[in-house]
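*Asks:*
There are 2 protein chains.
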Amino acid sequence: MSQTVQSKAVGAPAAVRRQPTQQRSRERVERMLGAASALIAEKGSDAMKMSEVAERAGVPIGSLYQFFPDKGAIIVTLAERYNALGRECIREGLADVKDMAGLERAFAGLVDTYYELFLAEPVMRDIWSGTQADKALRDSELADSRIIGGMLADVLMRLHPEDDREEIATTAFVIMSLGEATMRLAISVGRAEGQAIVNAYKRMVLREMLAI
Amino acid sequence: MSQTVQSKAVGAPAAVRRQPTQQRSRERVERMLGAASALIAEKGSDAMKMSEVAERAGVPIGSLYQFFPDKGAIIVTLAERYNALGRECIREGLADVKDMAGLERAFAGLVDTYYELFLAEPVMRDIWSGTQADKALRDSELADSRIIGGMLADVLMRLHPEDDREEIATTAFVIMSLGEATMRLAISVGRAEGQAIVNAYKRMVLREMLAI
DNA sequence: TTGCAAACATGAGGATTAATCATATTTTGG
DNA sequence: CCAAAATATGATTAATCCTCATGTTTGCAA
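Residue numbers (the numbering used here), protein chains in the order written: chain U, 1 to 212; chain B, 213 to 424.
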């Protein structure tokens, strides 16, 4: 893929007004993201004020807007970093799946890992838990679902080469999307019920995958 | 249930600063909700301005806040009306289910009906499609999921009296919650893919219900 | 080195919009 | 018929996102 525009490195601001090219500005952008992250963890992304982000990062408000077109862009950038981490987890987890039994084990493990991750990461929890007001964020999550859906579809197609590829692709996409929805649901209730919800999702998906 | 506070009629504002008791004010509140509904259909709830709602309803801005504590309350009120309609659909659809075959038919029909409803109702689509920024709205949707989850659980328990009731309850709740998530997903993509997604969800849930 | 263009830095202030509140009016129950 | 509760009103306040005009620094070619 030859892109004439700057290749977007993982972790680079999602939508930027200007890519920071100099070392100095790259560090400042990192400070901004760090400040935003801390504030989201403390009070949630809704309550996070741009002026606070600037203050905590030790930069004037104008510098924030030098690199991020708006508040949503900061959040999307953080979300994409977490999503990239999650995708890496999934990629590794599914890497050497050889048979359906292996897939079952890997999938169940991944679901639990994700749930733990959500519980442990306040920023991830906040961004995912429903603050989907921003269209850009929803698009980003949808794109992520498509990618991890594709990963699962690849494995399923490898294990079931004779089946309808289109249907497998859709099923895998839905499984992953609903996995994200399950996480959202699970973290919105108490720990015990959350675990029960996650388990119900696992049961359902495993049954579905066995039936393919 | 004897409530000393005013019994909240279906369709009454979710969170009100003051319940409209006089005929005059009840009509005005309806005009406000109608105006809000029209504006959401036209430009989405984010872009809907309180001043516009007031203007279109033919009331001063102050009257809006006389009955609704904030902008979110208007949206929640509209959401709850739609949810109440949806619950009625589900209640009717599940009413005379006698066996698993009947449940399968009823469930598949309900899912399709819901999807059509979402496609046809721009307000419902807007409110559900992700503008979950408001905590009150999320809580409202969660409560709705619990209710319709309970309806499904009742049917499943009736058909499988010997099974673990706790597990059935959780499964039913998850099925309904993920149904809502499926709708959100389906309306965020094109019509054809949306239908495929809805179908994948149906397949998955029907398989799960058969396995109980 | 020098000089220039591009990148970067700055923060007071503009613009939008949700929500208030003091005051005036209408309705209701006794 | 009157007092208290409910309702009506809209200019104003408050909060906050984001802009923009201006000044500074950096990279790089000549």
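Just so it is clear, CB atoms sit at the ideal spot from N, CA and C, and this is done for glycine as well.
Remember, predicted model here, so these are calculated numbers, not experimental data.
Do residue 86 of chain U and residue 154 of chain U have their C-beta atoms within less than 9 Å of each other?
*Replies:* In the first sequence, the residue the question calls residue 86 of chain U occupies position 86. In the first sequence, the residue the question calls residue 154 of chain U occupies position 154. For residue 86 of chain U and residue 154 of chain U, no; Cβs fall outside 9 Å.
*Asks:* Look at the Cβ atom of residue 82 of chain U, then the Cβ atom of residue 111 of chain U, and state whether they are nearer than 9 Å.
*Replies:* In the first sequence, counting from the first residue as 1, residue 82 of chain U sits at position 82. In the first sequence, counting from the first residue as 1, residue 111 of chain U sits at position 111. Cβ distance not < 9 Å, so residue 82 of chain U and residue 111 of chain U don't count as in contact.
*Asks:* Using the Cβ count rule (16 or more neighbours within 10 Å means buried), how would you classify residue 414 of chain B?
*Replies:* Residue numbering aside, residue 414 of chain B sits at position 202 when the second sequence is read from its first letter. It counts as buried.
*Asks:* Starting from residue 36 of chain U, trace the alpha helix (DSSP H) in both directions and tell me its first and last residue.
*Replies:* In the first sequence, residue 36 of chain U corresponds to position 36, counting from 1. Residue 36 of chain U -> alpha helix (DSSP H) spans 23-43.
*Asks:* Against chain B, which members of the region 29-62 of chain U pass a CB distance test of less than 8 Å?
*Replies:* Correct list: 46.
*Asks:* For a test of the three-state rule: what should DSSP assign to residue 59 of chain U, helix, strand or coil?
*Replies:* Numbered from 1 along the first sequence, position 59 holds the residue referred to as residue 59 of chain U. Residue 59 of chain U: coil per DSSP, three-state reduction.
*Asks:* In or out: residue 300 of chain B buried (at least 16 other Cβ within 10 Å) or exposed?
*Replies:* Start at 1 with the first residue of the second sequence, and residue 300 of chain B comes out as number 88. Flag for residue 300 of chain B reads exposed.
*Asks:* Less than 8 Å between the CB atoms is what I'm expecting for residue 291 of chain B and residue 352 of chain B, so what's the real figure, rounded?
*Replies:* By 1-based counting over the second sequence, the position of residue 291 of chain B is 79. By 1-based counting over the second sequence, the position of residue 352 of chain B is 140. The pair is a contact, with the Cβ atoms about 6 Å apart (cut-off 8 Å).
*Asks:* Give, in chain order, every residue of the region 313-335 of chain B whose Cβ lies closer than 7 Å to some Cβ of chain U.
*Replies:* The residues in question: there are none.
*Asks:* Any contact between the region 270-282 of chain B and the region 230-240 of chain B? By contact I mean 3 or more CB pairs, one from each, below 8 Å.
*Replies:* Touching, per the Cβ criterion.
*Asks:* Give me, in chain order, the residues of the same chain whose beta-carbon lies closer than 7 Å to that of residue 283 of chain B; leave out the 5 immediate sequence neighbours on both sides.
*Replies:* Your numbering for residue 283 of chain B matches position 71 in the second sequence. Contacts found: 262.
*Asks:* Taking only beta-carbon atoms, is residue 295 of chain B less than 9 Å away from chain U?
*Replies:* Reading the second sequence from its first residue, position 83 is the one you call residue 295 of chain B. No, no contact with chain U.
*Asks:* Please classify residue 303 of chain B: is it buried, with 16 or more other beta-carbons within 10 angstroms of its beta-carbon, or exposed?
*Replies:* In the second sequence, the residue the question calls residue 303 of chain B occupies position 91. The residue in question, residue 303 of chain B, is exposed, as its Cβ has fewer than 16 Cβ neighbours within 10 Å.
*Asks:* Between B:252, B:243, B:416 and B:388, which has its C-alpha nearest residue 333 of chain B's C-alpha?
*Replies:* As a working mapping, residue 333 of chain B is identified with position 121 in the second sequence. Among B:252, B:243, B:416 and B:388, the Cα nearest to that of residue 333 of chain B is on B:252.
*Asks:* Taking Cβ to Cβ, would you say residue 364 of chain B is nearer than 9 Å to residue 384 of chain B?
*Replies:* Locating residue 364 of chain B in the second sequence gives position 152, counting from the first residue. Locating residue 384 of chain B in the second sequence gives position 172, counting from the first residue. Yes, they are a contact pair.
*Asks:* Establish whether the CB of residue 379 of chain B and some CB of chain U are separated by less than 9 Å.
*Replies:* Here residue 379 of chain B refers to the residue found at position 167 when the second sequence is read from its first residue. Cβ-Cβ to chain U under 9 Å: yes for residue 379 of chain B.
*Asks:* In whole angstroms, what is the alpha-carbon distance linking residue 319 of chain B and residue 38 of chain U?
*Replies:* Residue mapping note: residue 319 of chain B aligns to position 107 of the second sequence, counting from 1. Residue mapping note: residue 38 of chain U aligns to position 38 of the first sequence, counting from 1. Each residue's alpha carbon lies about 45 Å from the other.
*Asks:* Taking the CB atoms as reference points, tell me whether residue 76 of chain U and residue 134 of chain U lie closer together than 9 Å.
*Replies:* Within the first sequence, numbered from 1, the residue matching residue 76 of chain U stands at position 76. Within the first sequence, numbered from 1, the residue matching residue 134 of chain U stands at position 134. Contact flag set, yes.
*Asks:* When you compare the CB positions of residue 362 of chain B and residue 381 of chain B, do they come within less than 9 Å of one another, or not?
*Replies:* The residue labelled residue 362 of chain B in the question sits at position 150 within the second sequence. The residue labelled residue 381 of chain B in the question sits at position 169 within the second sequence. Cβ distance < 9 Å, so residue 362 of chain B and residue 381 of chain B count as in contact.
*Asks:* Can you round the beta-carbon distance between residue 53 of chain U and residue 73 of chain U to whole angstroms, since I take them to be within the 8 Å contact cut?
*Replies:* By 1-based counting over the first sequence, the position of residue 53 of chain U is 53. By 1-based counting over the first sequence, the position of residue 73 of chain U is 73. Their Cβ separation, rounded to whole angstroms, is 12 Å, which puts residue 53 of chain U and residue 73 of chain U out of contact at 8 Å.
*Asks:* In the DSSP assignment, find the unbroken alpha helix (DSSP H) run with residue 347 of chain B in it and report its ends.
*Replies:* The residue given as residue 347 of chain B occupies position 135 in the second sequence. First-last of the alpha helix (DSSP H) with residue 347 of chain B: 347-371.
*Asks:* Counting contacts by CB-CB distance shorter than 9 Å, is residue 337 of chain B in contact with chain U?
*Replies:* Looking up residue 337 of chain B in the second sequence gives position 125. With 9 Å as the cut-off, residue 337 of chain B does not count as an interface residue toward chain U.
*Asks:* Classify residue 24 of chain U as buried or exposed, calling it buried when 16 or more other Cβ atoms lie within 10 Å of its own Cβ.
*Replies:* Sequence index remark: in the first sequence, residue 24 of chain U carries index 24 (1-based). Exposed: under 16 other Cβ atoms inside 10 Å.
*Asks:* Within 10 Å of its beta-carbon, does residue 210 of chain U have 16 or more other beta-carbons around it, so buried, or fewer, so exposed?
*Replies:* For the purposes of this step, residue 210 of chain U is identified with residue 210 of the first sequence, where counting begins at 1. It is exposed - the Cβ of residue 210 of chain U has fewer than 16 other Cβ atoms within 10 Å.
*Asks:* Residues in its own chain within less than 8 Å of residue 26 of chain U by CB, not counting five upstream and five downstream?
*Replies:* The residue you call residue 26 of chain U lines up with position 26 of the first sequence. For residue 26 of chain U, where only same-chain residues beyond five positions count, the Cβ hits under 8 Å are 20.
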